[in-house]
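Notes follow the structure.
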Amino acid sequence: MAIQQRSMQHSTQSATLADVLERVLDKGVIIAGDIKIKLVDIELLTIQIRLMIASVDKAREMGMDWWINNPYFNSQAAATQREDEIEQLKQRIAELETSGAAKSTPAAHAL
1397 MAIQQRSMQH STQSATLADV LERVLDKGVI IAGDIKIKLV DIELLTIQIR LMIASVDKAR
1457 EMGMDWWINN PYFNSQAAAT QREDEIEQLK QRIAELETSG AAKSTPAAHA L
(Lines of atoms letter the chains of each structure in order from A and count residues from 1; the text may use other names and numbers.)
(Lines give C-alpha, C1' and ligand atoms only; values in the text may rest on other atoms or scores of the structure.)
Protein backbone atom coordinates (compact mmCIF):
# COMPACT_ATOMS: atom_id res chain seq x y z
CA MET A 1 0.00 0.00 0.00
CA ALA A 2 2.82 2.40 0.80
CA ILE A 3 4.23 2.06 -2.72
CA GLN A 4 0.90 2.93 -4.30
CA GLN A 5 0.51 6.02 -2.14
CA ARG A 6 3.98 7.27 -3.12
CA SER A 7 3.29 6.88 -6.82
CA MET A 8 0.00 8.73 -6.45
CA GLN A 9 1.72 11.57 -4.62
CA HIS A 10 4.39 11.73 -7.29
CA SER A 11 1.86 11.97 -10.11
CA THR A 12 -0.02 14.70 -8.25
CA GLN A 13 3.19 16.67 -7.73
CA SER A 14 4.20 16.41 -11.40
CA ALA A 15 0.74 17.54 -12.48
CA THR A 16 1.09 20.51 -10.15
CA LEU A 17 4.51 21.28 -11.59
CA ALA A 18 3.06 21.10 -15.10
CA ASP A 19 0.28 23.48 -14.06
CA VAL A 20 2.78 25.94 -12.61
CA LEU A 21 4.91 25.77 -15.75
CA GLU A 22 1.85 26.32 -17.93
CA ARG A 23 0.85 29.36 -15.88
CA VAL A 24 4.36 30.82 -16.01
CA LEU A 25 4.55 30.40 -19.78
CA ASP A 26 1.04 31.79 -20.24
CA LYS A 27 1.54 34.87 -18.07
CA GLY A 28 5.29 35.37 -18.46
CA VAL A 29 7.95 36.07 -15.85
CA ILE A 30 10.62 38.76 -16.01
CA ILE A 31 13.75 38.58 -13.90
CA ALA A 32 16.02 41.63 -13.86
CA GLY A 33 19.18 42.40 -11.97
CA ASP A 34 22.38 44.41 -12.04
CA ILE A 35 25.83 43.38 -10.92
CA LYS A 36 28.29 46.18 -10.22
CA ILE A 37 31.91 45.79 -9.23
CA LYS A 38 33.51 48.85 -7.63
CA LEU A 39 36.95 49.50 -6.24
CA VAL A 40 37.45 52.65 -4.15
CA ASP A 41 34.28 54.25 -5.55
CA ILE A 42 35.39 53.56 -9.14
CA GLU A 43 33.00 51.38 -11.08
CA LEU A 44 35.03 48.73 -12.85
CA LEU A 45 32.31 46.54 -14.28
CA THR A 46 28.54 46.63 -14.68
CA ILE A 47 26.53 43.67 -15.90
CA GLN A 48 22.83 44.07 -16.55
CA ILE A 49 20.82 40.87 -16.65
CA ARG A 50 17.32 40.75 -18.13
CA LEU A 51 15.55 37.42 -18.47
CA MET A 52 12.03 36.83 -19.70
CA ILE A 53 10.36 33.44 -19.60
CA ALA A 54 7.14 33.17 -21.59
CA SER A 55 5.49 31.17 -24.32
CA VAL A 56 6.05 32.16 -27.94
CA ASP A 57 2.44 33.33 -28.20
CA LYS A 58 2.76 35.51 -25.11
CA ALA A 59 6.04 36.98 -26.35
CA ARG A 60 4.47 37.83 -29.73
CA GLU A 61 1.50 39.37 -27.92
CA MET A 62 3.96 41.59 -26.05
CA GLY A 63 5.64 42.60 -29.32
CA MET A 64 8.75 40.52 -28.80
CA ASP A 65 9.34 38.64 -32.04
CA TRP A 66 12.99 39.39 -32.73
CA TRP A 67 13.76 35.78 -33.63
CA ILE A 68 11.55 35.98 -36.73
CA ASN A 69 13.91 38.33 -38.60
CA ASN A 70 17.15 37.21 -36.95
CA PRO A 71 19.23 35.14 -39.40
CA TYR A 72 20.83 33.17 -36.56
CA PHE A 73 17.43 31.82 -35.45
CA ASN A 74 15.46 31.72 -38.70
CA SER A 75 16.85 30.13 -41.87
CA GLN A 76 14.32 31.96 -44.05
CA ALA A 77 15.47 35.30 -42.64
CA ALA A 78 19.07 34.32 -43.40
CA ALA A 79 18.20 33.48 -47.00
CA THR A 80 16.27 36.74 -47.39
CA GLN A 81 19.17 38.71 -45.93
CA ARG A 82 21.63 37.05 -48.32
CA GLU A 83 19.36 37.78 -51.29
CA ASP A 84 19.09 41.43 -50.23
CA GLU A 85 22.87 41.69 -49.87
CA ILE A 86 23.41 40.12 -53.31
CA GLU A 87 20.90 42.53 -54.87
CA GLN A 88 22.62 45.51 -53.22
CA LEU A 89 26.01 44.30 -54.49
CA LYS A 90 24.63 43.91 -58.02
CA GLN A 91 23.27 47.47 -57.90
CA ARG A 92 26.59 48.79 -56.60
CA ILE A 93 28.52 46.98 -59.36
CA ALA A 94 26.16 48.41 -61.97
CA GLU A 95 26.69 51.92 -60.55
CA LEU A 96 30.47 51.48 -60.58
CA GLU A 97 30.44 50.16 -64.13
CA THR A 98 28.27 53.07 -65.25
CA SER A 99 30.48 55.66 -63.55
CA GLY A 100 33.63 53.91 -64.84
CA ALA A 101 32.28 53.89 -68.40
CA ALA A 102 31.37 57.58 -68.12
CA LYS A 103 34.89 58.48 -66.95
CA SER A 104 36.64 56.39 -69.62
CA THR A 105 34.55 57.72 -72.53
CA PRO A 106 35.81 61.37 -72.42
CA ALA A 107 39.42 60.18 -72.00
CA ALA A 108 39.12 57.93 -75.05
CA HIS A 109 37.79 60.83 -77.15
CA ALA A 110 40.63 63.08 -76.01
CA LEU A 111 43.25 60.71 -77.43
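Going by this note's numbering, the first residue of the sequence shown is number 1397, and it counts up by one from there. Even for Gly, the Cβ is constructed at its ideal location relative to N, Cα and C.
query: Same chain, Cβ closer than 7 Å to V1420, neighbours up to 5 away in sequence not counted; result: I1449
query: Span of the alpha helix (DSSP H), counted from its first residue to its last, around D1455; result: Correcting the residue identity first, residue 1455 is Ala in this sequence and not Asp. Residues 1452-1457.
query: Beta-carbon proximity of L1447 to I1427, cut-off 7 Å; result: yes
query: Endpoints, the beta strand (DSSP E) within which M1448 is located; result: 1438-1449
query: C-beta neighbour in chain E for I1449, strict 7 Å; result: As a matter of chain content, chain E is missing from the structure shown, which is built from one protein chain.
query: Distance CB(Q1444)-CB(D1430) smaller than 7 Å; result: yes
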